[in-house]
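Input: a single structure, listed below in structure tokens.
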Ligand SMILES: NC(=O)c1ccc[n+]([C@@H]2O[C@H](COP(=O)([O-])OP(=O)(O)OC[C@H]3O[C@@H](n4cnc5c(N)ncnc54)[C@H](OP(=O)(O)O)[C@@H]3O)[C@@H](O)[C@H]2O)c1
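In my numbering, the protein residues as written are 340 to 663.
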């Protein structure tokens, strides 16, 4: 595993973070509880020390799993726990509110679920225009003064929204979607890094499409996040991405048959404006495969070939649109 400074927080984080949306168990492939707990365990055993979760991941179930494993392994001081607020998952629906009372309540629940007395990084999951950001930040500053959270971050905010929030307290992390098939946040990521923020990216494997798992367009149920949240599995996007995947096949062969996921991970983490790539994964063997990404690196020539192909097949990255 490779480690790097997470912005100005003083955290030394693994360049792959564990994503737990799927592990929560709603809107992704269903696995047994033991498989999901084992995924968290194996991520920690493989050197991943940055774990991303949220109350929105099946109403706190993902947080509970993380809390259980971290407590069982006795390694709380060795991992950075990132969770979020402002978006809840209630009766199968995502409910957004950054109202101060909601945030204070959510934080208590997250601390309980995670079995900890502090959250290392607490992020606003999505912006909420119905609540003045000054009020939201005041709630977060209160939690910070109380020692319940150490750092504040934002996800899915525009640059203007981050600048506005920063007037009321330090924003030290930014979590955007970013992968070979979703690059529209690149300029903002560069800016965030220049401001001293840590940048942790989500959807780093394009929800799995960059692993070569899908060669024919899959039909997911409408509630599955690969059809509901991500756009990669819709036409014409799917067919365009398949051309890119074919090129990745050739590159993987040239590296002795490495898994495609390692190309997607290396492509992202080799960017100097990516601090850590969050990868969602529910299987021990896939986690180990992903962590082996750092056994090798893409050469500048290979990066240039991939960048040119991405531009040729997917355009300049300006039209991907928001995730939802
Ligand atoms: N802030 C936000 O708004 C936001 C939004 C989305 C996601 N996130 C966070 O970012 C994390 C990552 O994003 P994501 O999970 O949506 O998408 P992702 O990481 O791009 O892709 C996850 C998918 O890739 C599969 N996968 C992982 N490694 C693989 C491998 N080596 N070979 C084959 N398949 C592999 C997983 O399969 P299995 O799970 O079946 O193993 C899963 O289906 C989330 O879990 C969550 O923590 C945040």
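Virtual Cβ for every residue (Gly too), placed ideally from N, Cα, C. Bear in mind the structure is a predicted one, so any value in this text is a computation, not a measurement.
Alpha-carbon to alpha-carbon, residue j and residue i
i	j	result
residue 403	residue 453	6 Å
residue 514	residue 492	8 Å
residue 647	residue 612	19 Å
residue 663	residue 465	In this prediction, residue 663 scores a pLDDT of 43, lower than 50, which makes its location untrustworthy; the coordinate-derived value is nonetheless stated afterwards. Whole-angstrom Cα-Cα distance: 11 Å.
residue 380	residue 417	13 Å
residue 548	residue 593	20 Å
residue 587	residue 441	44 Å
residue 576	residue 413	44 Å
residue 351	residue 564	31 Å
residue 361	residue 372	12 Å
Buried or exposed (CB count within 10 angstroms, at least 16 for buried), residue i
i	result
residue 604	buried
residue 660	Any answer about residue 660 is weak, because its pLDDT of 46 lies below 50 and its placement is not dependable; what the coordinates show is given next. Its Cβ having fewer than 16 others within 10 Å, residue 660 is exposed.
residue 626	buried
residue 621	buried
residue 512	buried
residue 539	buried
residue 632	buried
Pair within 8 Å by beta-carbon distance, residue i and residue j
i	j	result
residue 478	residue 427	no
residue 400	residue 358	no
residue 636	residue 601	no
residue 557	residue 572	yes
residue 617	residue 356	yes
residue 463	residue 437	yes
residue 456	residue 435	no
residue 392	residue 405	yes
residue 544	residue 606	no
residue 550	residue 599	yes
residue 537	residue 614	yes
N- and C-terminal bounds of the alpha helix (DSSP H) containing residue i
i	result
residue 421	Looking at the DSSP string, residue 421 is not in any alpha helix (DSSP H); the run it does join, the beta strand (DSSP E), is 419–424.
residue 435	Unbroken run through residue 435 is the beta strand (DSSP E), 432–435; no alpha helix (DSSP H).
residue 492	It is not in any alpha helix (DSSP H) - residue 492 instead sits in the beta strand (DSSP E) that spans 488–494.
residue 344	First-last for residue 344: 342–344, but that is the beta strand (DSSP E), not the alpha helix (DSSP H).
residue 458	Run containing residue 458: none in the alpha helix (DSSP H); it sits in the beta strand (DSSP E), 458–463.
residue 500	498–505
Identity of the residues DSSP links to residue i by a beta bridge
i	result
residue 609	Answer by DSSP bridge pairing: none, since residue 609 is not bridged.
residue 616	355 and 540
residue 391	358 and 421
Start-to-end residues for the beta strand (DSSP E) that takes in residue i
i	result
residue 652	That residue, residue 652, is in no beta strand (DSSP E); its alpha helix (DSSP H) goes 639–653.
residue 280	In the structure displayed, the chain extends from 340 to 663; residue 280 sits before or after that span and is not available.
residue 549	First-last for residue 549: undefined, no H or E at that position.
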